[in-house]
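Take 0 as the starting number for the sequence shown in numbering that gives the first Met the number 0 and just add one per residue. To start, the structure under review is shown below, and the notes come after it.
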Amino acid sequence: MEVITSLEAWKTLRRSWCGTLGLVPTMGSLHEGHLSLVHRALAENERVVVWNFVNPKQFGPQEDYRAYPRDRERDAALLRTLGTHYMLSLAVEEVYPAGFQTEVCVRALSQQIEGARRPGHFLGVATVVAKMLCLISPQHAYFGQKDGQQCRVVQQLAADLGMLCEIVVLPTVREADGLALSSRNRYLSAEARAQAPVLYEALCAAAAAVQAGCVDATQLREGIRAKIATRPLARLEYVSVADAETLEEQECLRGTAMISLSAYFGPARLIDNVLTTPPADLAPTAALRRRT
Ligand code: AMP
0 MEVITSLEAW KTLRRSWCGT LGLVPTMGSL HEGHLSLVHR ALAENERVVV
50 WNFVNPKQFG PQEDYRAYPR DRERDAALLR TLGTHYMLSL AVEEVYPAGF
100 QTEVCVRALS QQIEGARRPG HFLGVATVVA KMLCLISPQH AYFGQKDGQQ
150 CRVVQQLAAD LGMLCEIVVL PTVREADGLA LSSRNRYLSA EARAQAPVLY
200 EALCAAAAAV QAGCVDATQL REGIRAKIAT RPLARLEYVS VADAETLEEQ
250 ECLRGTAMIS LSAYFGPARL IDNVLTTPPA DLAPTAALRR RT
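Listed below in structure tokens is the structure:
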């Protein structure tokens, strides 16, 4: 595997490669969740590049940009064992040189859910993703459902800008007890780690309620709040029951919903989500798809 740290070196290499290329965007500090994307990319492309860059534009002023875990050596070693072709790890000044002034804003989707709590976050995400899709020009780019809203923002961006790249979304990889893998899990104390699986348990209970016929979003939100309140270390930030396409909050579920939440356990801010479709909506949706 080649570790590339220079923009010019990457450009030269990219211009000389005409085969299929898969991109896995990450902020490094890799875990099995990231690696699941790399495995899939390797299966579907002749060459794979992992983007390893902690993007300052997507962190708010009070957020953990400086403290965000970084371990390039370990990341490179892990990627090498999988047979990854390139790890592209550029300096902030290469990605955002002096005079950089372009921003990409996916308007409505960026305002919802996480965006309402993290102003500017999806502006930073969309800007860096647009830059990397141009610079890398992959046939496929791989993202995790773990960051469900990010997936929607990126899909919309790619569609709106007429990107030829296919956006592939893969399922969330979890620990045996259901906790979604995250680079931020390392901030959890042993006690908090033991309580954190409640997030996924609460989401699964809500999805099960939908499957049992509950389409009342308020009731679903309350059920999640009550379950999480049983764990004293959890400080719930929000619960959202939103349309999976528009990400608008729902009162009564119609079509596929994304149920998502964010909670603090001490300094660790964890997010998770599940997708669920009320049984009564499955048949009409399929019929609609066939017509279009
Ligand atoms: P990050 O390094 O946190 O920006 O994540 C890079 C990519 O890995 C994003 O597309 C994430 O959604 C994805 N990812 C992070 N955690 C997981 C996980 N537990 N399962 C699957 N994908 C993940």
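We put the CB at the ideal spot given by N, CA and C, even for glycine.
Exercise. Ile270 bridges to which residues according to DSSP?
Worked result: By 1-based counting over the sequence shown, the position of residue 270 is 271. Ser261, per the DSSP bridge assignment.
Exercise. What's the gap between the Cα of Pro24 and the Cα of Ala216?
Worked result: In the sequence shown, the residue the question calls residue 24 occupies position 25. In the sequence shown, the residue the question calls residue 216 occupies position 217. Whole-angstrom Cα-Cα distance: 33 Å.
Exercise. Hey, how far is the Cα of Pro68 from the Cα of Phe58?
Worked result: Position 69 of the sequence shown, counted from the first residue, corresponds to residue 68. Position 59 of the sequence shown, counted from the first residue, corresponds to residue 58. C-alpha separation (whole angstroms): 14 Å.
Exercise. Cα-Cα, which of Arg39, Arg185 and Gly82 is closest to Phe142?
Worked result: Counting from 1 along the sequence shown, the entry for residue 142 is found at position 143. Checking every option, the nearest Cα to that of Phe142 belongs to Arg39.
Problem set entry | Inter-stretch contact at 8 Å, needing at least 3 Cβ pairs: the stretch 38-57 / the stretch 65-81 | In short, these stretches touch, since the Cβ pair count reaches three.
Exercise. CB of Lys56 to nearest heavy atom of the ligand SAH: below 8 Å?
Worked result: Looking for the ligand SAH in the displayed structure turns up nothing; the ligands present are the ligand AMP.
Exercise. Could you give the distance in angstroms between the alpha-carbon of Ile227 and the alpha-carbon of Ala66?
Worked result: Residue numbering aside, residue 227 sits at position 228 when the sequence shown is read from its first letter. Residue numbering aside, residue 66 sits at position 67 when the sequence shown is read from its first letter. The straight-line gap separating the alpha-carbon atoms of Ile227 and Ala66 is approximately 27 Å.
Exercise. What first and last residue would you give for the alpha helix (DSSP H) that runs through Thr126?
Worked result: Within the sequence shown, residue 126 is the residue found at index 127, counting from 1. Thr126: member of the alpha helix (DSSP H) spanning His120 to Ile135, first to last residue.
Exercise. In this structure, does DSSP put Ala66 in helix, strand or coil?
Worked result: Here residue 66 refers to the residue found at position 67 of the sequence shown. In this structure, Ala66 counts as coil in the three-state DSSP scheme.
Problem set entry | From Thr80, Ile3, Met131 and Cys203, residue whose alpha carbon lies closest to that of Ile166 | Start at 1 with the first residue of the sequence shown, and residue 166 comes out as number 167. Residue Met131 is the option with its Cα nearest to Ile166.
Exercise. By DSSP, does Ser5 sit in helix, in strand, or in coil?
Worked result: On the sequence shown, residue 5 is found 6 positions in, with the first residue counted as 1. The answer is coil: DSSP assigns Ser5 none of H, G, I, E or B.
Problem set entry | Strand pairing of Met86, partner residues [DSSP] | Mapped onto the sequence shown, residue 86 falls at position 87. Partner(s): Val2 and Val49.
Exercise. Comparing alpha-carbon positions, which option in Ser88, Ser259 and Gln61 lies nearest His120?
Worked result: Counting from 1 along the sequence shown, the entry for residue 120 is found at position 121. Looking at the Cα atoms, Gln61 is the closest of the given residues.
For this session: Check whether the Cβ of His30 lies closer than 8 Å to any heavy atom of the ligand AMP, and answer yes or no.
Result: Along the sequence shown, one-based indexing puts residue 30 at 31. The closest heavy atom of the ligand AMP lies less than 8 Å from the beta carbon of His30.
Exercise. Does the distance from the CB of Val172 to the CB of Leu180 come in under 9 Å?
Worked result: One-based indexing of the sequence shown puts residue 172 at position 173. One-based indexing of the sequence shown puts residue 180 at position 181. Annotated as proximal: Val172 and Leu180, with beta-carbon spacing under 9 Å.
For this session: Inspect the CB distances between the stretch 108-128 and the stretch 77-88 and report whether three or more fall short of 8 Å.
Result: Verdict: no, contact absent.
Exercise. Excluding the five sequence neighbours on either side, which residues of its own chain have a C-beta within less than 6 Å of the C-beta of Met257, listed in chain order?
Worked result: Reading the sequence shown from its first residue, position 258 is the one you call residue 257. Excluding sequence neighbours, Met257 sits near Gly147, Ala241, Ala243, Asn272 and Leu274.
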